[in-house]
Amino acid sequence: MVSPPHYAASYCDSDIAAWCAEHLRLQGPVWTAGAASASGLLAVVEAARAVLSGELDACIAVGGLSDLSHLECQAFRSLGAMGSANYADQPQHACRPFDTARDGFIYGEACAALVVESVESAQRRGASAYMAINGWSAVSDASRQPHPSQQGEMRAVGQALAHAGWRASEIDYVNPHGSGSPLGDETELAALRASGLGDAWINTTKSLAGHGLTAAGALETVALALQMREQRLHPCANLEQPIGSARWVPAQGSPARIGKALKLSMGFGGINIAMCFQHPSQFN
53 MVSPPHYAAS YCDSDIAAWC AEHLRLQGPV WTAGAASASG LLAVVEAARA VLSGELDACI
113 AVGGLSDLSH LECQAFRSLG AMGSANYADQ PQHACRPFDT ARDGFIYGEA CAALVVESVE
173 SAQRRGASAY MAINGWSAVS DASRQPHPSQ QGEMRAVGQA LAHAGWRASE IDYVNPHGSG
233 SPLGDETELA ALRASGLGDA WINTTKSLAG HGLTAAGALE TVALALQMRE QRLHPCANLE
293 QPIGSARWVP AQGSPARIGK ALKLSMGFGG INIAMCFQHP SQFN
């Protein structure tokens with residue numbers, strides 16, 4: 053089998069960014085942000101940094117599609133990260149973050165894009181904001197391994213809250229990484245409790261959309277924005293027997309006051325990212 057000539061360029065990590073630049077006629081900074089399953093949220097962080105620094109008035113943060121080959125699926129399964137075929141006859145029940153019957157992530161094709169811009173830029177074009185970015189943190193566990201670290205996750209949460217100038221008790225809602233990994237979910241729930249977030253609402257966007265891998269953080273930030281705008285939380289699908297107590301959103305969803313929210317994403321290689329978001333009604 054001979055590869056088509058364009059594959060030499062299209063396989064590169066810059067290809068999605070280049071496609072966006074070509075179709076949107078972008079001539080400013082265009083780059084990719086790589087952080088495994090935290091890449092989508094890292095793109096939002098980097099967009100916020102570019103706007104906050106004054107380099108850009110507005111920036112598009114894209115969580116690009118991760119298209120897995122059979123070989124990659126086998127590798128994830130061998131690692132114990134990808135879920136089994138236990139629910140092959142009932143695929144709608146396969147993705148079970150924070151449920152005792154979870155046995156790994158369930159891949160879901162996804163992509164998402166968010167416009168991050170200054171207040172002045174939004175006002176000039178008459179745009180209404182979904183939410184404000186108030187703080188963030190991206191930290192490393194200093195480890196190449198895929199194992200999660202409670203201390204690393206807590207450090208990301210603590211630094212993001214400090215950047216925003218918020219206390220943990222002020223957070224109304226947490227959109228977690230919640231991949232469905234047996235060890236990952238246990239570690240994340242322990243980190244949230246130890247960080248003082250036990251009273252915040254928690255649901256799992258991956259339970260509805262699957263794990264979009266590099267796109268996951270961006271897609272889940274979109275879900276957070278929509279929930280904040282509607283003041284209603286989507287359900288935790290397939291959460292029949294939670295691994296521990298928390299303020300889980302029920303199966304039918306729930307109306308909720310969401311003034312301040314926290315988003316978490318983690319990636320292989322010891323990457324932990326947390327971002328703080330605020331409802332537009334609370335803008336200073």
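The sequence shown begins at 53 in the working numbering and counts up one residue at a time.
Using N, Cα and C, we set each Cβ at its ideal position, and we do this for glycine too.
Because the structure is a prediction, the values reported are computed rather than measured.
In its own chain, which residues sit with a C-beta less than 8 Å from the C-beta of residue i, not counting the 5 before and 5 after it?
i, result
"H263", "S89, C147, F157, I158, Y159, G160, S231 and G232"
"G178", "none"
"W218", "N186, G187, K312 and C328"
"G45", "An answer regarding residue 45 cannot be provided, because it is not within the stretch 53 to 336 covered by the chain."
"E172", "D109"
"S333", "G311"
"L131", "P198"
Figure out for me which residue from the options has the closest Cα to the Cα of residue i.
i, options, result
"S201", "C64, E74, S62 and I325", "I325"
"D224", "L94, Q175 and A308", "A308"
"L117", "A165, E98, E107 and Q126", "A165"
"L213", "A190, H199 and A153", "A190"
"I254", "Q126, S297, M206 and E74", "S297"
"L249", "E205, S333 and L278", "E205"
"C111", "V82, P287, R299 and D67", "V82"
"G319", "Q144, I68 and P198", "P198"
"V48", "L265, A181 and P287", "In this structure the chain extends from 53 to 336, so residue 48 is not present and cannot be described."
"L278", "A208, S130 and S180", "S180"
"P234", "R207, V301, H58 and R129", "R129"
"A208", "A61, L76, Q142 and S317", "S317"
Should residue i and residue j be called a contact, given that it needs their Cβ atoms to be closer than 8 Å?
i, j, result
"K315", "L285", "no"
"W188", "H229", "no"
"N227", "S259", "no"
"F329", "T256", "no"
"G321", "R196", "yes"
"I310", "Q283", "yes"
"A100", "V168", "yes"
"I323", "T152", "no"
"G86", "D65", "yes"
"A102", "A261", "no"
"A252", "R299", "yes"
Please return the same chain residues whose Cβ sits closer than 7 Å to the Cβ of residue i, not counting the five positions on each side in sequence.
i, result
"G135", "A146, D155, G156, F157, I158 and G232"
"H331", "M183, M280, I310 and G311"
"A61", "D67"
"A220", "L213, S247, G248 and L249"
In chain order, what residues of the same chain have a beta carbon less than 6 Å from the beta carbon of residue i, not counting five sequence neighbours either side?
i, result
"A268", "S89 and G92"
"G210", "none"
"S170", "V103 and D109"
"E98", "A85"
"L78", "none"
"A73", "V82"
Residue i to residue j, Cα distance in whole Å?
i, j, result
"A95", "A184", "16 Å"
"M280", "V274", "10 Å"
"D193", "E272", "23 Å"
"E238", "A133", "14 Å"
"A236", "A243", "For the sequence presented, residue 236 should be read as Gly rather than Ala. Taking the straight line joining both Cα atoms gives about 10 Å."
"Q340", "E240", "Given a span of 53 to 336 for the chain in the structure shown, any question on residue 340 remains unanswerable."
"Y63", "A140", "31 Å"
"S247", "E222", "12 Å"
"H13", "N138", "No answer is possible for residue 13: the residues shown for the chain start at 53 and end at 336."
"A306", "C288", "Before going on, a small fix: residue 306 reads as Ser here, not Ala. Going from the Cα of S306 to the Cα of C288 covers about 10 Å."
"P57", "Q304", "50 Å"
Inside the region 206 to 274 only - alpha helix (DSSP H) runs reaching at least 4 residues: As far as the region 206 to 274 is concerned, its whole alpha helix (DSSP H) runs of at least 4 residues are 234 to 246 and 258 to 261.
Any beta strand (DSSP E) of 3 or more consecutive residues that is wholly inside the region 271 to 333: Secondary structure within the region 271 to 333: the beta strand (DSSP E) runs of 3 or more consecutive residues, fully enclosed, are 312 to 319 and 323 to 330 (chain order).
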